[in-house]
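Down below is the structure, laid out as structure tokens.
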Ligand code: GDP
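Residue numbers (the numbering used here): 20 to 476.
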């Protein structure tokens, strides 16, 4: 068992040579321990300081002073962990910081485990579990969208929204219980219509949460993008242009890209999982026809299609087939080889595709326009503020479970089941939401969450 009366210490900055590094101490004896390894230049002791103030001085161990430093004091409960905390900042460098940490430990601190500062913050009621999780996401955020979502979660928006939904479920459960206890008395209105509309409202809120996460995951893990077109129009060249390095073989013999080459690239705020497919065309070659078949399937399943045409050629039957197949899909038409004399019916292509760009992939002309068109095609993945609430799979899992239970309850009510029949589903939904916010998370869940943290956070 962990004792939360002991004082923990860790290096809270990155273990690289840097301008400054910080060792953080948290716990009942944080200030006392800090005084054994830090002496201010002014002679003032850390003990005399009020919270949120700092002293300049020197850090020392049994061998003497080894650096000058700034010690910043936070007094319980007004600190990140809710405990007394001292942050001692020394010059950057692995040697100095480790020496400082060792000095702290030999004077009574214990080395912190991964995530232990944040775990203490959670256990001391400084933050909810979802806020604690947001801290990890903030640290590891790789893009603006992710960071924004994490920050909002850290500010407690997810917790508030979950409370709101939970309250609605609790009210419904109360009404159902009252109805079951006094079925003949007209004390509560649990008409089927009311139940259905309340359940629909709860379902919609959960759906907004989960679908926001699903769209967010697409942004994070990549939009499934297929580059399709007849052989030799320049698909591989476009792939290479977007990837920035050669991956699929570019050749002028038609039909050489026989399989699917995949790559992940970043375009604007989006990550695309690009696949350069075999050209779509009628073929007798059996190996190639397997590739063509796969290309057709990719065209069906991709979230975004780059339909490529060779601008220096008139539209072929294969091109016309592609135009037909791409209708109604999320698609950007790319007229390539714009450096050559144009022989293609641009007007026709433009009439069939909302987004159309002319580029010369081989000469790197028009790549900005291509990226802009891709971003426009993906506008629908832009998340509105409200949708961006859940930040990880665990939270998504809980919300999805609650959503499924509500759906079962909703369908049961619609098909005429008695209100007490759905109480069990409402109860399950409630439990899922309690796990989501951490109010009812098991020790195992809590440990699992904090084990993913880095030491020092
Ligand atoms: P894919 O079969 O559709 O993948 O086409 P490739 O990317 O292999 O390109 C076929 C041929 O067209 C190669 O010889 C490329 O060098 C050439 N090519 C690609 N893009 C351009 C371009 O913008 N202008 C010109 N002139 N040739 C290009």
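Ideal placement from N, C-alpha and C gives every residue a C-beta, glycine not left out.
Being a predicted model, the structure only gives us computed values, none of them experimental.
Taking non-hydrogen atoms of ligand 1 into account, the C-beta of residue 361 is found less than 8 Å away from none of them. Short note on residue 324: C-beta not closer than 8 Å to any heavy atom of ligand 1.
Here residue 68 carries a coil assignment [DSSP, helix/strand/coil]. In this structure, the C-beta of residue 251 approaches ligand 1 to less than 8 Å from one of its heavy atoms.
In the three-state reduction of the DSSP assignment, residue 290 falls in the strand class.
Looking only at 318, 36, 89 and 69, the smallest Cα-Cα distance to residue 96 is reached by 69.
Leaving aside the five residues that flank residue 373 on each side, none in its chain has a CB nearer than 6 Å to its CB.
For the options 358, 357, 254 and 352, the alpha carbon positioned closest to that of residue 367 is the one of 352. Closest by C-alpha distance to residue 182, out of 466, 455 and 460, is 455. Around the beta carbon of residue 81, a 10 Å sphere encloses fewer than 16 other beta carbons of the protein chains shown; the residue is thus reported as exposed. Exclusion of residue 112 from the 8 Å shell around ligand 1 follows from its C-beta lying no nearer than that to any non-hydrogen atom of the ligand.
Only residues of its own chain outside the window of five on either side were considered, and among them 95, 139, 140, 143, 144 and 145 have a CB closer than 8 Å to the CB of residue 101, listed in chain order. In the DSSP annotation of this structure, the continuous segment of the beta strand (DSSP E) that includes residue 93 starts and ends at 83-93.
By the criterion of a C-beta distance shorter than 7 Å, residue 252 is surrounded in its chain by 327, 328, 329 and 355, once the five residues flanking it on both sides are discounted. The continuous beta strand (DSSP E) containing residue 106 extends over residues 104-110. When C-beta atoms of the region 207-227 are compared with those of the region 456-464, fewer than three pairs fall below 8 Å, so the two segments do not count as touching. Taking all protein chains shown into account, residue 56 has 16 or more neighbouring C-beta atoms within 10 Å of its C-beta and is therefore buried. Residues 60 and 89 of the same chain have their beta carbon placed closer than 6 Å to that of residue 75, with the five preceding and five following residues left out of the count. Judged by DSSP in its simplified three-state form, residue 147 adopts coil rather than helix or strand. With fewer than 16 other Cβ atoms inside 10 Å of its own Cβ, residue 189 counts as exposed. Here residue 125 is exposed, its C-beta having fewer than 16 other C-beta atoms within 10 Å. Separation of the CB atoms of residue 260 and residue 383 is rounded to 6 Å, and the pair is thereby assigned contact status at 8 Å. The beta carbon of residue 429 lies closer than 8 Å to those of 215, 218, 219 and 222 in the same chain, with the five residues before and after it left out.
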